[in-house]
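J.: Pasting in a structure now, in structure tokens, and then I'll have a few things to ask.
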Amino acid sequence: MLTETQLAEAANMLDVDVSELLTIDGSSNHDFSTNEIVKLLRNKPTLLKTPFILSKERSFFVDSPLNLIKEQF
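All residue numbers for the sequence shown refer to this note's numbering, where the first residue is 19 and numbers rise by one.
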């Protein structure tokens with residue numbers, strides 16, 4: 019389970035807003051603050067959009083296994 023700080027750092031490394039870590043439709047997210055979103059993700063990790071890769075070199079969402087090959091991971 020990721021902490022709220024780790025979730026915020028993951029969003030930063032992925033260069034996305036924390037709301038983009040949610041698997042629910044983005045139009046529903048506008049009612050939540052960043053703090054509320056990270057608390058929601060911490061308490062309901064099934065809502066976290068996965069998989070994603072976080073590394074010092076680069077971070078990205080993995081859309082398919084081909085994406086990993088393309089990124090040379």
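Even for Gly, the Cβ is constructed at its ideal location relative to N, Cα and C.
From a predicted model like this one, the values you see are computed outputs, not experimental measurements.
(1) Looking at the unbroken alpha helix (DSSP H) that takes in Thr23, where does it start and where does it end?
(2) Taking only three categories from DSSP, how would you classify Ile42?
(3) Alpha carbon to alpha carbon, what distance is there between Ile87 and Phe50?
(4) Give me the DSSP bridge partner(s) of Ile71.
(5) Would you report the Cα separation of Ile37 and Leu25, rounded to the nearest angstrom?
T.: The answer reads as follows:
(1) 22–32
(2) coil
(3) 35 Å
(4) Phe78
(5) It is Ser, not Ile, that sits at residue 37 in the sequence shown. Roughly 11 Å separates the two Cα atoms.
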